[in-house]
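Notes follow once the structure below has been shown.
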Amino acid sequence: MTRHMPLAALRAELDSLDDAILALIDCRLAATAAIAEAKADEGGGTLALRPRRQAEIVARLQGRAVHASPEAVADIWRELMAHSLQAQRRTEIILAPGLDPLRLEAPLRRLYGSAMQLSQAATLADALDAARTSEAIAILPAPIECGALTLFDRIDAANGTPLAWCAGRVAAADWLKPPALAPAWTPASWRQHKAAQMPAWPDAGSLARVEEELAQAEPVVTLPSTLPLKSALADVAAGRSFLIQGGDCAESFAEFGSEKVVGTHSLLLDMAATIAHASGKDVIRLARIAGQFAKPRSELLETRDGLTLPAYRGDAVNGADFTHAARTPEPERLLRAHRQSRATAALLGGLDAVADAGPTWTSHEALLLNNEQALTRFDAATRRWWAGSGHLLWIGDRTRQLDGAHVEYARGIANPIGLKCGPTMSADELRRLCDRLDPHDEAGRLLLIGRFGAGAIGRHLPRLMRAVRGRNVVWAIDPMHGNGRSSGGTKTRHLTDIIAETRAFLDIAQAERVHAGGIHLELTGGDVTECVGGTVGEADLGTRYRSHCDPRLNRSQALELAAEVAGRLAGRALAA
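In terms of the working numbering, the sequence shown opens at residue 944 and continues consecutively.
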């Protein structure tokens, strides 16, 4: 269907779509009858209503919707499920006395549709008795003890004030937890929040088509490969292991190849072996790879010779060449990034199998939320949503707003989450972010990555470590991003600064009685000349400067840093 078709043809096409929708509804109702028979065979005395199952269906479809709003998806499917339920067993809603039917009807209909009969009992005992003995839900004015009934949900006003509680014969696996609920999360709920650092995609239609294609695509990583990372990070939090996280500042399409991936993999293996041998600890390898295609920018525009264009934001968004065509964001780049990420992840898996040294997990900054939402998948076994774009996702220092879109997205996925912590973060903000992202203080869930600069870490890291003392977090240091310099107009970093901040991190962690969990680095296995140190002087920077974004440690510089960390950890192991 296109807008260039004649009006009569458009209407005919719409009629055809309506016929198809009706046929699907009839098929759904027929399937409902089969479900009713299966439930009757199972017995158990519970309601046909499955509130958690319905919520999961709505959330899953909201996550896949491209044009329909989350509210529209919820309204349509709640109504459809209400009629399907009535086809199984006629179910009623019974209000206890003292509740206002006029005030409650609209929120109840939004939740259960219009098909259920709504009535009010003469007494509280009558409402409870109907819920115990018939196919009915009792709506109560307070969360009272209901005996064999379960309080499985709560009805709230628009401002969050509780209005009533729902009780019924609902199995424990199906109830919706009614405490002071956080706002409902879906893979798309980030769209209701302000999103910092997101590209201004010029073609909304093209973006929607790309999102739909990604939603149908195979994810980059699987849930079975993600679950062990949580356990591994729990060991890091407990001080039994150490973490190396490293890779490109931003992956590129032009540099992709097996040699590039092999170089990064080999470097991480060698760094891990150096630290493991000296410290006696297992070393977890977490690569900035298979998804690190976008970067936040301090300046959204770039000017050269009087011409101003959008800043380069990574190959998943636009090109590095300084032309209008290259710098215009293109949604189709997300598809190419996804294909390259899958190929990279597959190659890493093969290299890990040959090395026989445990897995190399993938990680990237969760910056492009359209991409993240499209690759989010629901797992029925864990009843959780998981990001399929990488094993661990982190939130950057520029996108960590407590009420922002990036925190909203990250709080709902079950993957381990990283959080960059810079000098502008307050202790209270860190505590609130931990509560938001890890409300259950789950070991292996949260990786805190400090990035201060060698001259500022002593002023800021101790107060932040004290703010979350006692929580099951991993503390790591990113000694790259706070140590940027300019040499003749070229961005660089000095290895001496990077080593100094790493040493300070290890010393501060020891003083604060916190496990120094790991290091987070921008590095490459190639022989680049982007950071000053070792054999690379400032005069050498232009020799092999390959990064499209920030400068990376080369192989020899990264190994020198690993040897420094290994020596420090070995000394502490002997002292212990």
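For glycine and all other residues, C-beta sits at the position ideal for the given N, C-alpha and C.
| Query | Result |
| --- | --- |
| Could you give the distance in angstroms between the alpha-carbon of Ile-1098 and the alpha-carbon of Trp-1108? | 6 Å |
| Looking only at its own chain, which residues have a Cβ that is under 8 Å from the Cβ of Pro-1122, when we skip the five neighbours before and after it? | Residue placement at Pro-1122 is poorly supported in this model, since its pLDDT is 38, which falls under 50; the coordinates are not used for a value here. |
| Taking the beta carbon of Pro-949 as the centre, do at least 16 other beta carbons fall within 10 Å, making it buried, or is it exposed? | exposed |
| Considering Gly-1006, what are the terminal residues of the alpha helix (DSSP H) in which it resides? | 994 to 1007 |
| For His-1491, which residues from the same chain have a beta carbon less than 7 Å from its beta carbon, with the 5 sequence-adjacent residues on both sides left out? | Ala-1193, Ser-1195, Tyr-1255, Ala-1263 |
| Using the three-state DSSP reduction, which class does Thr-1478 fall into: helix, strand or coil? | coil |
| With Phe-1321 as the anchor, note down where its beta strand (DSSP E) starts and where it stops. | 1319 to 1322 |
| In whole angstroms, what is the alpha-carbon distance linking Glu-1372 and Thr-1104? | 26 Å |
| Here's the rule I'm using: 16 or more other beta-carbon atoms within 10 Å means buried, otherwise exposed. How should Pro-1145 be labelled? | exposed |
| If you scan the region 1236 to 1293 from start to end, which runs of the alpha helix (DSSP H) of 4 or more residues do you find wholly inside it? | 1267 to 1270 |
| Can you grab the Cα-Cα spacing for the pair Ser-1284 / Pro-1274, in whole Å? | 16 Å |
| Does the region 1207 to 1216 come within contact of the region 1473 to 1480, defined as at least 3 CB pairs closer than 8 Å? | no |
| Between which residues of its own chain and Gly-1401 is the CB-CB distance below 8 Å, once the five residues before and five after are set aside? | Ala-1447, Ile-1451 |
| To the nearest angstrom, how far is the alpha carbon of Thr-1066 from that of Arg-1052? | 23 Å |
| So for Gly-1189, helix, strand or coil by DSSP? | strand |
| Leaving aside the five residues before and after Ala-1230 along the sequence, list all residues of the same chain whose C-beta is less than 8 Å from its C-beta, in chain order. | Gln-1188, Gly-1189, Gly-1190, Thr-1207, His-1208, Leu-1211, Leu-1291, Thr-1303, Trp-1304, Thr-1305, Ser-1306 |
| Mapping the DSSP letters down to three states, classify Leu-1335 as helix, strand or coil. | strand |
| Check the Cβ-Cβ distances between Leu-1166 and every residue of chain B, and say whether any is below 8 Å. | Absent from the structure: chain B. Only one protein chain is present. |
| Would you mind giving the Cβ-Cβ distance between Cys-1474 and Thr-1435, rounded to the nearest angstrom? I have them listed as a contact below 8 Å. | 6 Å |
| DSSP three-state call for Ala-1513: helix, strand or coil? | helix |
| Give me the residue from Pro-1239, Arg-1279, Ser-1332 with the minimum Cα distance to Pro-1142. | Pro-1239 |
| Whole angstroms are fine: how far does the CA of Asp-1178 sit from the CA of Leu-1172? | 10 Å |
| Across which residues does DSSP place Gly-1427 in a beta bridge pair? | Arg-1436 |
| Mind checking which residues open and close the beta strand (DSSP E) that includes Asp-1523? | Outside the displayed span of the chain (944 to 1519) sits residue 1523, for which this structure offers no information. |
| Are the CB atoms of Leu-1335 and Asn-1313 within a distance shorter than 8 Å? | no |
| Contact between the region 1410 to 1422 and the region 1380 to 1393 is defined here as three or more beta-carbon pairs at a separation below 8 Å; is this criterion met? | yes |
| Mapping the DSSP letters down to three states, classify Glu-1308 as helix, strand or coil. | strand |
| Would Val-1153 be called buried (16 or more neighbouring beta carbons within 10 Å of its own) or exposed? | buried |
| At which residue ranges does the region 1052 to 1081 contain complete beta strand (DSSP E) runs of 3 or more residues, listed in the order of the chain? | 1060 to 1063 |
| On the DSSP bridge list, what partners appear for Ile-1232? | Ser-1306 |
| Of all the alpha helix (DSSP H) runs that stay within the bounds of the region 1329 to 1406, which reach a length of 4 or more residues? | 1348 to 1355, 1370 to 1380 |
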